[in-house]
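Contents: one structure, followed by commentary.
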Amino acid sequence: MLDPSSSEDEGGEMVELKEVTVPKNPGGARPTPGRTANSRGGGRLQPRGHSRPSSPSPSVGSDKEKEDLEKMQREEEEKKKRLQLYVFVMRCIAYPFNAKQPTDMARRQQKISKLQLQMVKDRFQAFLSGETQIVADEAFINAVQSYHEVFLKSDRVSRMVQSGGFSTSDSREVFKKHIEKRVRSLPEIDGLSKETVLSSWLAKFDTIYRGEEDPRKKLKSVNIV
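Note that the sequence shown covers residues 1 to 225 in full-length UniProt numbering.
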């Protein structure tokens, strides 16, 4: 039989061996989920799926608003440019129709030749000689005589006709400028404005220039034929 004292000693030694052989958690070991939960308090783990989303920072929002504003401004500028271009093109298209056109474009562009100039001189000379049926006062006759002697017979007009730079419109404009000064210097006539006198003189000038005869004389020639 064994001695009880010896069995107790062996039992004590076995307890000591078990205590020595029990492994302890080292400092760098990963803790168990139970201890981690207990150490953080509450003993519960927060679910990951219900975490609170992070809100955008104020700087990111301001940058986006700035980009949107710049985009709107660019679109507005492009719209204005397109509108201005459209208006410009429409004005270019409409200009020939809205511009003031001369009443007689063919006559305005008609150049006078040497032969035509001589014919015009002869017509004015015939008027001054009283060979036409055109009724005129002394002031108009003096204006026509000055125009005929000073302008039509000048070497300057001959050179312009020779170079092809003299037209019917030019001749009429010169006469108009010439008589405007004379009409302004005339005394006032009751019931007759100077504009009316000027228009009447220009009409008589056109009749002389074109060499049109008196309508009654034309009618007589037609009856004779």
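Every residue, glycine too, gets a C-beta built ideally from N, C-alpha and C.
Residue i, enclosing alpha helix (DSSP H) - first and last residue
i: Tyr-147; result: That residue, Tyr-147, is in no alpha helix (DSSP H); it is neither H nor E in DSSP.
i: Val-120; result: 114-128
i: Gln-162; result: 155-163
i: Asp-170; result: 168-185
CA nearest to the CA of residue i, picked from the options
i: His-148; options: Ser-200, Lys-121, Pro-187; result: Lys-121
i: Val-174; options: Val-89, Gln-162, Val-144, Leu-128; result: Val-144
i: His-178; options: Leu-202, Gly-211, Phe-166, Pro-96; result: Leu-202
i: Phe-151; options: Asp-137, Phe-124, Ser-129; result: Phe-124
i: Glu-180; options: Met-90, Ser-199, Asp-63, Ser-62; result: Ser-199
i: Leu-186; options: Asn-98, Arg-172, Asn-142; result: Asn-142
i: Lys-176; options: Ser-154, Lys-204, Leu-192; result: Lys-204
i: Asp-206; options: Ile-189, Cys-92, Asp-190, Arg-172; result: Arg-172
i: Lys-153; options: Gln-118, Glu-138, Asp-137, Phe-166; result: Gln-118
Own chain, CB closer than 6 Å to residue i, minus 5 neighbours either side, in chain order
i: Lys-194; result: Val-183
i: Val-197; result: Val-183
i: Glu-78; result: none
i: Tyr-211; result: With the sequence shown as reference, residue 211 is identified as Gly, and Tyr is not the correct amino acid for it. Cβ neighbours of Gly-211 beyond the five flanking positions: Arg-123.
For residue i, the three-state DSSP class (helix, strand or coil)
i: Ser-193; result: coil
i: Gly-34; result: Only weak support is given to the placement of Gly-34: the predicted model assigns it a pLDDT of 47, under 50, and the question is left unresolved by the model.
Close beta carbons around residue i, own chain, < 7 Å, minus the five adjacent residues each side
i: Phe-127; result: Ile-134, Val-144, Ile-208
i: Ser-62; result: none
i: Phe-140; result: Trp-201, Lys-204
i: Arg-156; result: none
Contact with chain D by residue i, beta-carbon distance below 8 Å
i: Lys-181; result: Considering every chain present, this structure includes no chain D. It has just one protein chain.
Close Cβ partners of residue i (< 8 Å) along its chain, the five nearest in sequence each way excluded
i: Ser-129; result: none
The stretch 114-129 in contact with the stretch 160-173 per 3-pair CB rule at 8 Å: At 8 Å Cβ cutoff, the stretches touch.
Contact the stretch 130-146 vs the stretch 78-87: 3+ CB pairs below 8 Å: As far as the Cβ criterion goes, the stretch 130-146 does not touch the stretch 78-87, which means the pair count is below three.
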